[in-house]
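Note sheet for the following structure.
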Amino acid sequence: NEKWYVNRPWLEYSVKADKGFCFPCRMYACLDNTGGMVADMFFFIKSGFCNWKNALSQGNGFIKHENSLVHLNAMVDWTAARTREATGATIAALVSSAQIERNRYYLKTLAKIIQFAVINELHLREDQDIINFKDLDLTLNNSSGIFINLIKFTAGQDPKFKDALKTIPKNAKYTSAEIQNETIDIMKNMVLKDIVEDIQKNGDVKFFCLKCDTTRDAVNVENLSTVLCYSVDGEAKERLIGVAQLHGLTAEDIAQQILKDLQELGLDPQDTLCSCFDGAKVMSGCKGGVQKLLQEKLNKEIPYTHCLNHQLHLVVTHVCEKSSGVADMFSNCNSLYKFFVA
């Protein structure tokens, strides 16, 4: 009935369900202090109202609903939201521009601190990474990690950052391990995006060479590093695009991981011009090695090159096996290295 909409801007009707609903209550109703959702609220918010016979009855239907406290509060919130939308006064605009600028400067500085630590291969955290934001104790100590100590050091040198540090809310410090990891991931994705754009801007000449190697880390996990070699305006470039943990050590496992890394970056594996691996059979095998599997999976010829650095390593190893003098020299060099880094 069209007349039902008069003086009831909150009322909405679902043709498909043949039921009525309350828009502001669906969007803004706060039921936390009502002792649960009463039947009236349930009808107009969840299941829909369809008791048309009693829609305009006193103490029932529309009249009962629009006089309820929950509905009245929802109407206030809805009216305020419409007013903000009409005037362009968003939540962001209601926050002081000075506070926004201070918060942005704070986040940018934290990002730069993390970037500095990552570039210099410094571990960020220790078990007792605590900073007193209230009293702002800037004393550096050995129990804190690089990240917290760099925050303290920067605050001691940068008054603007120190001021932001004092006013930042406790629930928005952005110093947790999760935030540090997310920031590093964002930086990683930005770098990878630049690499992909660098390759693809060559137009029809967006080919690249694959260089991959596996190595076992300190916790005995096998990792696959993937490097792309390409040319931009005649300049040769070599970029690392990923270090992935391998869940299997077969040629098939490694080949699948390489293709996955390329596809996740939005690169076409068909643009692979050649491959460069070590001489291990799992990589170089002419029948079941990674280089052969990649050619079969991509259905194209991809010339394989035995890595020159690995070849040089083999030469040195063989020379040491044949010459005790050379072996002694390398042994002495290794001993000196261990002495100076101890």
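Just so you know, the sequence shown maps onto residues 1 to 342 in UniProt numbering. Beta carbons: idealized from backbone N, C-alpha and C, even for Gly.
Assign residue i to one of three DSSP states: helix, strand, or coil.
i: proline 24; result: helix
i: threonine 226; result: strand
i: phenylalanine 49; result: strand
i: tyrosine 174; result: coil
i: lysine 19; result: strand
Under a Cβ-count criterion, where at least 16 other Cβ atoms within 10 Å of its own Cβ denotes burial, should residue i be classed as buried or exposed?
i: histidine 71; result: buried
i: isoleucine 186; result: exposed
i: serine 144; result: buried
i: asparagine 149; result: buried
i: threonine 5; result: In the sequence as presented, threonine is not what sits at residue 5; that position holds tyrosine. Counting Cβ neighbours within 10 Å, tyrosine 5 comes out exposed, since fewer than 16 surround it.
i: histidine 65; result: buried
i: tryptophan 10; result: buried
i: isoleucine 100; result: exposed
i: aspartate 261; result: buried
i: threonine 226; result: buried
i: phenylalanine 21; result: buried
i: residue 344; result: For residue 344 there is no data in the structure shown, the boundaries of the chain being 1 and 342.
i: threonine 183; result: buried
i: cysteine 276; result: buried
i: phenylalanine 340; result: exposed
i: glutamine 257; result: buried
i: alanine 251; result: buried
For the beta strand (DSSP E) containing residue i, name the first residue and the last one.
i: cysteine 209; result: 208-216
i: serine 14; result: 11-14
Along the chain, where does the alpha helix (DSSP H) containing residue i start, and where does it finish?
i: histidine 313; result: 308-322
i: tyrosine 5; result: That residue, tyrosine 5, is in no alpha helix (DSSP H); it is neither H nor E in DSSP.
i: proline 169; result: Per DSSP, proline 169 belongs to no alpha helix (DSSP H) and is neither H nor E.
i: glutamate 101; result: 97-119
Practice prompt. Within the segment 232-289, note down every full beta strand (DSSP E) run reaching 3 residues or more, in order along the chain.
Written response: Counting only runs of 3 or more, we get 235-245 and 272-277.
Worksheet entry | the segment 116-127 contacting the segment 67-83, beta-carbon criterion three pairs below 8 angstroms | Not touching, per the Cβ criterion.
Worksheet item: Contact between the segment 219-235 and the segment 299-318: three or more CB pairs below 8 angstroms?
Response: The count of Cβ pairs closer than 8 angstroms, one atom from the segment 219-235 and one from the segment 299-318, stays below three, leaving the stretches out of contact.
Worksheet item: Pairing CB atoms from the segment 264-272 with CB atoms from the segment 282-292, are three or more of them under 8 angstroms?
Response: In short, these stretches do not touch, since the Cβ pair count stays below three.
Discussion item. Check whether the segment 194-202 and the segment 214-234 touch, using three or more Cβ-Cβ pairs below 8 angstroms as the test.
Written reply: With contact defined as three or more Cβ pairs closer than 8 angstroms, the segment 194-202 and the segment 214-234 are in contact.
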